[in-house]
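Protein chains in written order, with the working numbering: chain U, 15 to 354; chain F, 15 to 354; chain X, 15 to 354; chain S, 15 to 354. Idealized CB from N, CA, C, for every residue including glycine. In this text the structure is predicted, and so the values were computed from the model without any measurement.
4 protein chains.
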Amino acid sequence: MTVGVVLVGAGRAGMVHARNLRAGVAGARLAGIADPSPRALAAAAAELGDVHTFDDPLAAVAADGVDAVVVASPTFTHADVAVAALAAGRFVLCEKPLAATLDDADRVVAAERASDATLLMGFMRRFDAGFLRVAERIAAGDIGEPLLVKSTGRGPGMPPEWAWDTTRSGGLVAEVNSHDLDTVRWLSGQEPRRVFAAGRAAKRPDVAERHPGFVDLVTVTLELSGGGIGLVDGACPADYGYDARVEVYGSEGVLFAGDARQATALLVRSDGAHTDPVRSWRDLFADAYRAELRHLVDVVRGDGQPRTDVLDGVRALEAVVAANRSLERGTPVALDEVRR
Amino acid sequence: MTVGVVLVGAGRAGMVHARNLRAGVAGARLAGIADPSPRALAAAAAELGDVHTFDDPLAAVAADGVDAVVVASPTFTHADVAVAALAAGRFVLCEKPLAATLDDADRVVAAERASDATLLMGFMRRFDAGFLRVAERIAAGDIGEPLLVKSTGRGPGMPPEWAWDTTRSGGLVAEVNSHDLDTVRWLSGQEPRRVFAAGRAAKRPDVAERHPGFVDLVTVTLELSGGGIGLVDGACPADYGYDARVEVYGSEGVLFAGDARQATALLVRSDGAHTDPVRSWRDLFADAYRAELRHLVDVVRGDGQPRTDVLDGVRALEAVVAANRSLERGTPVALDEVRR
Amino acid sequence: MTVGVVLVGAGRAGMVHARNLRAGVAGARLAGIADPSPRALAAAAAELGDVHTFDDPLAAVAADGVDAVVVASPTFTHADVAVAALAAGRFVLCEKPLAATLDDADRVVAAERASDATLLMGFMRRFDAGFLRVAERIAAGDIGEPLLVKSTGRGPGMPPEWAWDTTRSGGLVAEVNSHDLDTVRWLSGQEPRRVFAAGRAAKRPDVAERHPGFVDLVTVTLELSGGGIGLVDGACPADYGYDARVEVYGSEGVLFAGDARQATALLVRSDGAHTDPVRSWRDLFADAYRAELRHLVDVVRGDGQPRTDVLDGVRALEAVVAANRSLERGTPVALDEVRR
Amino acid sequence: MTVGVVLVGAGRAGMVHARNLRAGVAGARLAGIADPSPRALAAAAAELGDVHTFDDPLAAVAADGVDAVVVASPTFTHADVAVAALAAGRFVLCEKPLAATLDDADRVVAAERASDATLLMGFMRRFDAGFLRVAERIAAGDIGEPLLVKSTGRGPGMPPEWAWDTTRSGGLVAEVNSHDLDTVRWLSGQEPRRVFAAGRAAKRPDVAERHPGFVDLVTVTLELSGGGIGLVDGACPADYGYDARVEVYGSEGVLFAGDARQATALLVRSDGAHTDPVRSWRDLFADAYRAELRHLVDVVRGDGQPRTDVLDGVRALEAVVAANRSLERGTPVALDEVRR
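So, in structure tokens, the structure goes:
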């Protein structure tokens, strides 16, 4: 069976998946791309060549020959697309965050429960060789009990305006650091119980004037269910490049993955020793994105267990909401409170 | 003029300075070593060879031929020794923290104001090539405005029992992370305004039973006067070695110093690629400790300005007190409150 | 146009290409796999699934629907397969070395000249991000004039017996260090004029008894046409893993690519700081092998110039022959002599 | 007993030792500095402060209160100074190379045999933490049998004119790569039997016109007594800094020490990731030079065995002579021949 995959969202993340499908993912077929923006859709079609296009995402997910949907549209549209896809029996790979609000997220959970299909979260770090090796070493007991997970997520890009509007996305914490919140949960094996966030519109105070609550620098401390601690820091835009790193301190050692530098060529001259920075998540996680699509194919075919599920999306979003509330209040916020 | 230096405290830190003086610091002379413990004193004398010994620190600081005093005795004795030394007109190099309590610290400040001599804080990172290069690059504008300072301090050793008793020391935050709190202040050029700490007796719950408030893992978030953020994490005992690292994220780039690995030999075999961990602050900061003593000599001789002063000690201690109070309460603590 | 690619040789290198084609290379189609060994062919078919198999390589290259041939059979068969493929008008991607003898190589050159198709050499380092970045920086003048190219090639595997028989392959220099000889030519932009080789059966003296001239450790010094120097070292089997590194010293700086370590996770414990070694060329050059096949597709379609050609294969082989002759004689050998 | 050390040679290497002695080496005393150049001597005295100066090196080595002599004068003067010092019963630490000619070297050997004192060679890599760790790991069997030792020595400085005159020094191979030749012998535990060198005046053809035989780039292949291979490369001037690295490939693994980069601060910006190059042997081997002087003190006092001796100097010089002869002839040269 060749899995027909439709892409919803012809933006940056969507096109990564589209290009991978076009270049070839064993067992998968690019069944189409959907975007309500005529301009984005035309650009995608021009680049991808012969591809079925949809201007209506909800039509796309229900089209014939579609087995799976990759949701890479703006955050505030995730829930509607995912619910429609699941209702049509399509498997879903949903980019982070799962939804813009917890109510939306709960709608997706309900839709998944009512469907035979499964939703996977696009936490691509879980498919990256470095992060996977850390997880593997923790599972092997190489550092004893994990006690502290430090996760950094910074990106250079100027996200689209909606991503800065905390009423339509979860802001920096959601758009960038969802990955770090997932990393903390994944590598600690524990759930956040209470979070404290500090942040500031350090580089773009102008955006904060338009969008109250906007920050471009944030730190989040997470007290975890098993007594561990998570320490997340995020920034966007970060001038120097894309930076995804993790450090896990355990009772018998410490693990690191990620580097702000590319491991390509080193140049040494009298003015210094120089390597290239990692410029984009597209480069850093190129292999991971391919592996993620292969995993989607496997799950659709019933080969192997999903590595992430809708609850991973819900838990990360709850932490986002708690962190944003902590930013607003200046005090720690218990995860118990976020649904009140 | 050859500066006569007396060491107070024949413990681990004291012996580092004593050995350096014995090996030779230009312009300095080991004028003696003081420790009320006959056993420690005898061991020090045996190792150092022909050295003047004092069983009474307060007598030592006032002895003839003493120009400067290195205070490396237990934390709760720092203030008495420093006050006596300053009263006798001796210059002081005081190991961290400045004192066990803010009242003690204030006594030292008063003594220094009344003295012609100067007190330097033993923040040896300020003499380390890597940390200095970070400071130099920040001053040169290489990363624009520093926005976030992340500082890690972990150590393998089992400190003496008094260091775990938060009534006689400031616990982990004071004994280990004073260096990180100073690093945040130094490299950001800003003062802490509010701190939030999380921590746990993760590895030694048994010690927490004896000493309420004991933690062996801690994180401290610092909101800084200029809008920057500090993020400190500390652990002791850390099985794998001694780990002092800093990362400074700025508006135009990021800086790193420190590594848990020694930069000596790399061995690659089929079972892995192996280097040595940094085992001790004695190795990592060997050059820094020598430079610190040379700086002391310069200051005593009137050559050059002090790089640290008693207020650096006070400010770091205030942050320690605030962090410990935050640990106790579970909420952020303003620096304004610590003297109330 | 979808390019039909037939694989000749179901050994280790052949299967790398076969798996890549199976996983999906945009514009390419796995048209079949050929191997005279029934056992190898059956294993390949079992792994690859629905694939056309050929027990006769010469039949395979002429089969319908075949546009390009990847030659990954034993060295001593390269020439016959390549000549047949070119005669049938197929494009060829030939694994190194081009042939077992210069006479064979010359037959391939003649066949290519008589054909409309093109032969590319499988020097996959030319498609690796690190090696490419070195080439790019040299071209940009970052190190001034390249003066010395040092290239290391070591591999863990026990090659098949024929690869150790210098009458059927060119031994270590051909089977492993062809890549390094090409690297020296490529990055210096110069041709070898004279070579001196030293070598020894250091780990497998038993093999040297069966195969005179066998070495498992070799160094080759190359005096280059523009006054530069090449310094190659090779070893196989190398217990610790696969190691492909280059260093280019130039008049204004130095460049490095390659590392015996994988850039995945770092583990630090009291017993050391550990990363994983690179275990195989399959891992190290996974991206490069995919890029190489995409390049083959482009060349077949007439999109873009070939990055390597049959003369790159001839020049590398001439250096192999000279190095082996130098090993035999113990003196330098001029490239001019190798055809005498 | 405090060892009185006189420095012969107020040039760059001499002043490194002089400054170390002035800064303090336990058990040692700077007994004076000798240089026939009034200008160099005056500059040294001005920097070192109160120091005994000698314009006649031969008088200096025989002066009262002198126990040991550091020979850091131009190469062609080494033998006369060393012979005089040994004749006067002084211990000698001789910078490389031991002498300008083998005849001179033999005179030193004879003088040492006739003396109660000992000559140490200034091969400071043997006191460097990284190189020592490699030696230690080899001795521990971590890589099995060492089979190939690759050693790189490059330096930025423009040496004084005499160092380029191969009649007064041994040129690049002697002045820079003596260290590498010693490294090969030390880490392999084997002696060179035959060498092949390639070289060129790549950057300074103008100097080659004045000094026939001058090269600023060289490679030396050494066939070793136990079947191992040495591979040395050298360059001076190297624009980018000082670069001393070693790689030892063994039957079960590989070892590396040295790096062209300083392990201080890493700066990452959008224009690249930057560290500082190692600018000078003075920085790189600062600790090693101090350790070397402490070792001299120990040897003078009879505490511990010498780590190097006059024969290490002779063997390295024989390899220098063989390499230079190979450069001249273009063919390999047996070590047996160098005294013919």
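Among the CB atoms of chain X, none fall inside 8 Å of the CB of Val190(F).
Where Val84(F) is concerned, there is no enclosing alpha helix (DSSP H), although the beta strand (DSSP E) around it starts and stops at 82-85. Taking Tyr263(S) as the centre and dropping the five residues before and after it, the same chain places the C-beta of Leu161, Leu162 closer than 6 Å to its C-beta, in chain order. The Cβ-Cβ distance between Glu126(U) and Leu100(U) falls below 8 Å.
Under the 8 Å Cβ criterion, the region 260-276 of chain F does not count as touching the region 117-133 of chain F, having fewer than three qualifying pairs. Of Arg339(X), Ala333(X), Arg343(X), the smallest CA-CA separation from Ala119(X) is found for Ala333(X). For Val39(F), the residues of chain S that pass the 7 Å Cβ criterion are Gly38, in the order they occur in the chain. Residue environment analysis places Gln204(U) among the buried positions, since at least 16 neighbouring C-beta atoms fall within 10 angstroms of its C-beta.
For Val282(X), the residues of chain U that pass the 7 Å Cβ criterion are Gly267, Val268, in the order they occur in the chain. The C-beta distance from Leu231(X) to Pro206(X) rounds to 20 Å, too long to fall under 8 Å, and the pair is not in contact. Each of Thr278(X), Lys217(X), Pro111(X) was checked against the Cα of Pro251(X), and the nearest Cα belongs to Lys217(X). Contacts with chain F at 8 Å (Cβ-Cβ) do not include Tyr256(U). With fewer than 16 other Cβ atoms from the protein chains shown falling within 10 Å of its own Cβ, Gln319(U) counts as exposed. A straight-line Cα-Cα distance of about 35 Å links Val20(X) and Ala153(X).
Around the beta-carbon of Glu150(X), fewer than 16 other beta-carbon atoms lie within 10 Å, marking it exposed. About 6 Å separates the beta carbon of Val65(U) from that of Leu44(U), a gap short enough to meet the 8 Å contact definition.
Annotation: Cβ neighbours of Asp273(U) in chain X (cutoff 8 Å, chain order): Ala277.
Against chain U, the CB of Tyr303(F) has no partner CB under 8 Å away; the residue lies outside that interface. Comparing alpha carbon positions, the residue from Val292(X), Glu266(X), Arg283(X) closest to Ala277(X) is Val292(X). Not a single C-beta of chain U is nearer than 8 Å to the C-beta of Thr89(S). According to the DSSP assignment, Ala153(U) belongs to the alpha helix (DSSP H) that extends over 143-153.
For the pair Asn338(U) and Val328(U), the Cα-to-Cα distance works out to about 15 Å. Taking a beta-carbon distance threshold of 8 Å, Ala222(U) does not count as an interface residue toward chain X.
Cβ-Cβ separation between Phe90(F) and Ala73(F): approximately 19 Å, too far for a contact (criterion under 8 Å).
Cα atoms of Glu189(S) and Lys164(F): separation of roughly 45 Å, rounded to the nearest angstrom. Judged by their CB atoms, Pro346(S) and Arg214(S) are not nearer to each other than the 8 Å cut-off.
Boundaries of the beta strand (DSSP E) around Ser165(X): 160-168. If you draw a straight line from the Cα of Ala102(X) to the Cα of Val311(X), it is about 18 Å long. Put simply, the region 136-146 of chain X touches the region 293-301 of chain X. At least three CB pairs are less than 8 Å apart. At least one CB atom of chain U sits nearer than 8 Å to the CB of Gly286(S).
For the region 137-154 of chain U, the set of residues with a beta-carbon nearer than 7 Å to any beta-carbon of chain X comprises Ala143, Gly144, Arg147, Val148, Arg151, in chain order. Listed along chain F are Tyr263, each with a C-beta nearer than 7 Å to that of Ala249(U). Taking CB atoms only, Pro160(X) has no neighbour in chain S less than 8 Å away. Pairing Phe228(S) with Val234(S) gives a Cβ-Cβ distance that is not under 8 Å. Linking Ser202(F) to Lys110(F) through their CA atoms gives a straight-line distance of about 20 Å.
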